[in-house]
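Residue numbers (the numbering used here): 877 to 985.
Quick reminder that beta carbons are idealized off the backbone N, C-alpha and C, glycines included.
Take a look at the structure below.
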Amino acid sequence: MANAFKLVTDTAVSTSAATVYTCPSATETTIIGLNLANIVTSGVQVDVQIENADGDNIYLVKAAPIPIGSSLVAVGGDQKVVLNASDVLKVTSDTASSVDVALSILEIT
Numbered sequence: 877m878a879n880a881f882k883l884v885t886d887t888a889v890s891t892s893a894a895t896v897y898t899c900p901s902a903t904e905t906t907i908i909g910l911n912l913a914n915i916v917t918s919g920v921q922v923d924v925q926i927e928n929a930d931g932d933n934i935y936l937v938k939a940a941p942i943p944i945g946s947s948l949v950a951v952g953g954d955q956k957v958v959l960n961a962s963d964v965l966k967v968t969s970d971t972a973s974s975v976d977v978a979l980s981i982l983e984i985t
């Protein structure tokens, strides 16, 4: 099995769910960090969801506030999240073009 550390980014996430990452086939992915930064001049609220092939669409965070000039670490430290092949990570903000996303992962193929 091959291991690869990667950084996946998305900029100016808006009010439609942005697909930040889709776990490739024949791959398991460990999310080791997920940082969401508020890039506008007002507070925002964000949702982070995982959609999987079984039809279970779950929230990691829902309507989490990010104040002006701040960020939210949705996954990090001792917490890790595992994604299976075809799982999708999506981020949505309540404000247009307001959140930058940095996703640190370990892909195992």
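Rounded distance between the beta-carbons of L959 and T887, thought under 8 Å: Here residue 887 refers to the residue found at position 11 when the sequence shown is read from its first residue. Here residue 959 refers to the residue found at position 83 when the sequence shown is read from its first residue. With 8 Å as the limit, T887 and L959 do not qualify as a contact, their Cβ atoms being about 21 Å apart.
Three-state class that DSSP yields for K938 in the structure shown: Position 62 of the sequence shown, counting from 1, holds the residue named residue 938. K938: strand per DSSP, three-state reduction.
8 Å Cβ shell around S947 - same chain, five flanking residues per side excluded: Locating residue 947 in the sequence shown gives position 71, where the first residue counts as 1. Excluding residues within five positions, the ones whose Cβ falls inside 8 Å are N911, L912, A913, N914.
Identified DSSP bridge partners for A913: Residue mapping note: residue 913 aligns to position 37 of the sequence shown, counting from 1. BP columns for A913 point to S947, D976.
Range of the contiguous beta strand (DSSP E) that encloses T895: Taking the sequence shown and counting its residues from 1, the one referred to as residue 895 is at position 19. Its beta strand (DSSP E) spans residues 894-898.
For L979, the nearest candidate out of S890, M877, C899, S892 (CA to CA): Working through the sequence shown from its first residue, we reach residue 979 at position 103. For the residues S890, M877, C899, S892, the minimum Cα distance to L979 belongs to C899.
Any 3 or more C-beta pairs closer than 8 Å across the stretch 917-926 and the stretch 935-953: yes
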